[in-house]
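J.:
Residue numbers (my numbering): 24 to 227.
As structure tokens, then:
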């Protein structure tokens, strides 16, 4: 929901600035890849696509982030500004998934695109693992798999694993000149718009 609403807010800003914008939606493959336009009709069409996602969320949908980004890299015009909203969960399953994700980002860069990755997360829960000291049942939103754990028994290992992954993300994004921005769902859309405007200013 946050990524959908943040995307809509960016489209609104782009329309106000008379910049052309498109939209790509994906799960295990690209579901929609619109051309970039700046018309009101185009904006309304894309808003309708986003509203449809809100009303009909795809439960237990497998996400192939790297595969979708490879497709998008070839479908859109060269020298585009590509803004990615993702929780990046599918890219941290194992080292191969992480490598595949960065291969896809490098594909975008090779095709002369500028790239901003918004890592959509709930920082308190997903980074700090801020849960009460009691048993929980966690559910994988893509596979439906469940696991029962006591929060304090896994907290330190979980935080260490997340920290190591985030350090790798930061390093590889810096090496590839890709902007990586945390998009905490509890902070609203202002940081998203601010990050975009800063990037836009750098690009001139």
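No residue lacks a Cβ here, since even glycine has one placed at the ideal position from N, Cα and C.
Apply the 10 Å Cβ neighbour rule to residue 167 and answer buried if 16 or more other Cβ atoms are within range, or exposed otherwise.
T.: Counting Cβ neighbours within 10 Å, residue 167 comes out exposed, since fewer than 16 surround it.
J.: Give the secondary structure of residue 60 by DSSP, where H, G and I count as helix, E and B as strand, and everything else as coil.
T.: Three-state DSSP puts residue 60 in a strand.
J.: For a quick check, are the C-beta atoms of residue 146 and residue 193 less than 8 Å apart?
T.: Result no, Cβ atoms of residue 146 and residue 193 do not sit closer than 8 Å.
J.: Is residue 126 helix, strand or coil by DSSP?
T.: In this structure, residue 126 counts as helix in the three-state DSSP scheme.
J.: Quick check: the stretch 63-78 against the stretch 93-110, are at least 3 beta-carbon pairs closer than 8 Å?
T.: Short answer: they don't touch.
J.: Would you tell me roughly how many angstroms separate the C-alpha atoms of residue 216 and residue 209, rounded to the nearest one?
T.: Their Cα atoms are separated by approximately 15 Å.
J.: Taking residue 46 and residue 55 to be in contact with their CB atoms under 8 Å, please state how far apart those CB atoms are, rounded to whole angstroms.
T.: With a Cβ gap of about 6 Å, residue 46 and residue 55 count as contacting.
J.: Measure the C-alpha to C-alpha separation of residue 178 and residue 152 and round it to an integer number of angstroms.
T.: Their Cα atoms are separated by approximately 6 Å.
J.: If you measure between the beta carbons of residue 131 and residue 183, is that distance less than 8 Å?
T.: Their beta carbons are not under 8 Å apart, which means residue 131 does not touch residue 183 by this criterion.
J.: Can you give, in chain order, each stretch of the alpha helix (DSSP H) that sits fully within the stretch 166-200 and has at least 4 residues?
T.: Those alpha helix (DSSP H) runs which fall completely within the stretch 166-200 and span 4+ residues are 174-198.
J.: Since residue 88 sits in a beta bridge, which residues does DSSP pair it with?
T.: According to DSSP, residue 88 bridges with nothing at all.
J.: What are the boundary residues of the beta strand (DSSP E) that residue 107 is part of?
T.: 104-109 is the extent of the beta strand (DSSP E) around residue 107.
J.: Looking only at its own chain, which residues have a Cβ that is under 7 Å from the Cβ of residue 57, when we skip the five neighbours before and after it?
T.: So the qualifying residues of the chain are 45, 46, 69.
J.: Would the beta-carbon of residue 191 be found less than 7 Å away from any heavy atom of the ligand SAM?
T.: Annotation note on the ligand SAM: not contained in the displayed structure, which lists no ligands.
J.: Three or more beta-carbon pairs under 8 Å between the stretch 124-143 and the stretch 83-94, yes or no?
T.: Output reads yes: the stretch 83-94 touches the stretch 124-143.
J.: Residue 29 and residue 161 - do their beta-carbons sit closer together than 8 Å?
T.: The answer is no: Cβ separation not under 8 Å.
J.: Looking at the secondary structure, which residues open and close the alpha helix (DSSP H) in which residue 206 lies?
T.: Unbroken run through residue 206 is the beta strand (DSSP E), 202-207; no alpha helix (DSSP H).
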